[in-house]
Amino acid sequence: MSETDKPGTRNSKLATNNWFASWFDTPYYHILYKDRNYREAQIFMDNLTHYLNLPEKAKVLDLACGKGRHSIYLNQLGFDVIGADLSENSIAEATKNANATLHFEVHDMREKFEDKFDAIFNLFTSFGYFENDNDDLKTLVAIKESLTDYGFAVIDFMNVHQVIPNLVPEEVKTVDGIDFHIKRYVADNHIIKEIDFEDNNEKYHFTEKVKALTLEDFQNMMNDAGIYLLDTFGDYKLKKFHKNTSERLIMIFK
182 MSETDKPGTR NSKLATNNWF ASWFDTPYYH ILYKDRNYRE AQIFMDNLTH YLNLPEKAKV
242 LDLACGKGRH SIYLNQLGFD VIGADLSENS IAEATKNANA TLHFEVHDMR EKFEDKFDAI
302 FNLFTSFGYF ENDNDDLKTL VAIKESLTDY GFAVIDFMNV HQVIPNLVPE EVKTVDGIDF
362 HIKRYVADNH IIKEIDFEDN NEKYHFTEKV KALTLEDFQN MMNDAGIYLL DTFGDYKLKK
422 FHKNTSERLI MIFK
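Structure representation (C-alpha cells):
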C-alpha cells in the first residue's frame, strides 16, 4: 500500500505503487527512526568486516544505504565504498559526504552493477519489500552477479520467529514534536506497520510492509539463484543463530 492509498495524504509527487519508494523518500521516515542505535551498527560493521577478513581497500557495496551512515563508517575503516539506494532524496543527502573512495548513486537493487565488489552488504532488513516474489529472486541474482569470484555478500534480516510473537500491536512515539501513531500486525505472510501522524495541520498515512521471510525461505531462493549460504548469525555480535530466540537473521553467502 502506498501513501496515496488512503485519504488525508498529500504530496502527489510521492505517488507510487511501491510503499517504500514514497515513505523512504520523505523526511518523516528519517525523523521517526532518528534514534536508531548507530553505535551498535558500527560494532556490527567492525565484527562483520573482521569475520570476512576483507583485504585492505576492498571494494564494498552498501545496498539500500539510506543516507549513507554505514557507508561512511565502512569508508572510515579503509574500504572503497559505493552506497546505493532507490531514494533520490537520501542519496542527495548522502552525497554530501562523498570523497575519492566513497560514492553514492540511485540504484534499483534488482539490477546488477557494472562494477564487481569484494563485499555487498544489505543491512537492517532492507529486503522483502517487493510485491512480486520474483523480484526478491532478481535481487539475489543481481547481488551474485555483482560480486567478484571471491566476494562475499551479507543479508541482515529480522528473525521472524522472534519478531512476530513479540510484536507491539499499538504505540505512540513522539519525535520532534510529532506524534507517530503506529500499529503492527501480520497479514498475508507480511509484517505490516501502519503509521499515522499530523504535521502542520496535514494528516499523513504511511505503511511499511515486509515479507515474513524465514531462513528456509532464503535458502530456497538462494538455491534458485545459485548462491551458496556459508554461515548464519543471530545478532550483531555474530553469535550463533537460534530460530526462536535470536534477534536477527544474518546470512553470509557467495
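Residue numbering for the sequence shown follows my numbering, starting at 182 and increasing by one per position.
Ideal placement from N, C-alpha and C gives every residue a C-beta, glycine not left out.
Q. Taking the alpha carbon of I224 as the point to measure from, which residue in K418, I253, R429 and I212 has its own alpha carbon closest?
A. Looking only at K418, I253, R429 and I212, the smallest Cα-Cα distance to I224 is reached by K418.
Q | Continuous alpha helix (DSSP H) assignments of at least 4 residues falling wholly in the segment 239-312 | A | Listed in chain order, the complete alpha helix (DSSP H) runs (minimum 4 residues) inside the segment 239-312 are 250-257 and 269-275.
Q | DSSP-derived helix/strand/coil call for V344 | A | Looking at V344 - three-state DSSP - the assignment turns out to be helix.
Q. For Y409, does the count of other Cβ atoms within 10 angstroms reach 16, so buried, or fall short, so exposed?
A. Looking at its Cβ environment, which holds fewer than 16 other Cβ atoms inside 10 Å, Y409 is exposed.
Q.
By the three-class DSSP mapping on this structure, what secondary structure does R191 have?
A. With a pLDDT of 30 at R191, under the threshold of 50, the modelled position of this residue cannot be trusted; read the value that follows with caution. Here R191 carries a coil assignment [DSSP, helix/strand/coil].
Q | Contact belief for F260 with K277 at Cβ below 8 Å, rounded distance in angstroms | A | The beta-carbon distance between F260 and K277, rounded to whole angstroms, is 19 Å. This is too long to meet the 8 Å contact definition.
Q) Among all the DSSP beta bridges, which residues are the ones paired with E231? A) It should be pointed out that residue 231 corresponds to His in this sequence rather than to Glu. Under DSSP, H231 shares a beta bridge with no residue.
Q. Distance, Cα to Cα, A279 vs F285?
A. Between A279 and F285, the alpha-carbon positions lie close to 7 Å from each other.
**Q.** Neighbourhood of F434 by C-beta distance below 7 Å, restricted to the same chain and skipping five residues each side
**A.** Apart from the 5 residues on each side of it in sequence, F434 sits with its Cβ closer than 7 Å to the Cβ of A334, M403, I408, Y409, L410 and L411 in its chain, given in chain order.
Q.
Taking the beta carbon of L446 as the centre, do at least 16 other beta carbons fall within 10 Å, making it buried, or is it exposed?
A. No statement about residue 446 is possible, as the shown extent of the chain runs from 182 to 435 and does not include it.
**Q.** For E428 and D416, believed in contact at Cβ under 8 Å, the rounded distance
**A.** D416 to E428, Cβ: 5 Å. Contact.
Q | Rounded separation between T355 and T388 - CA only | A | Taking the CA atoms as reference points, T355 sits about 18 Å from T388.
Q) Hey, out of N381, F399 and H371, whose CA is closest to V391's CA? A) Looking at the Cα atoms, H371 is the closest of the given residues.
Q) Given 8 Å as the limit, is there contact between the segment 304-318 and the segment 337-347, that is, 3 or more CB pairs closer than that? A) Because the criterion of three Cβ pairs below 8 Å is met, the segment 304-318 and the segment 337-347 touch.
Q: Measuring only between beta-carbons, confirm whether S203 sits less than 8 Å from chain B.
A: Here chain B cannot be found, since the structure has a single protein chain.
Q) How is E237 classed by DSSP in three states: helix, strand or coil? A) Coil.
**Q.** Alpha-carbon to alpha-carbon, D357 and K293
**A.** Looking at the two C-alpha atoms, the distance is approximately 38 Å.
**Q.** Beta-carbon proximity check, G249 vs A275, cutoff 8 Å
**A.** A distance below 8 Å separates the beta carbons of G249 and A275.
Q | For D330, the first and last residue of its enclosing beta strand (DSSP E) | A | Its beta strand (DSSP E) spans residues L328 to M339.
Q: Go ahead and label D360 buried or exposed: buried means 16 or more other beta carbons lie within 10 angstroms of its beta carbon, across all protein chains shown.
A: Flag for D360 reads exposed.
(Q) I need the straight-line Cα distance from V367 to K319, nearest angstrom please. (A) Rounded to the nearest angstrom, the two C-alpha atoms are 25 Å apart.
Q) Considering only C-alpha positions, which residue in the set N313, Y331 and I263 is nearest to N303? A) When each option's Cα is compared against that of N303, the closest is I263.
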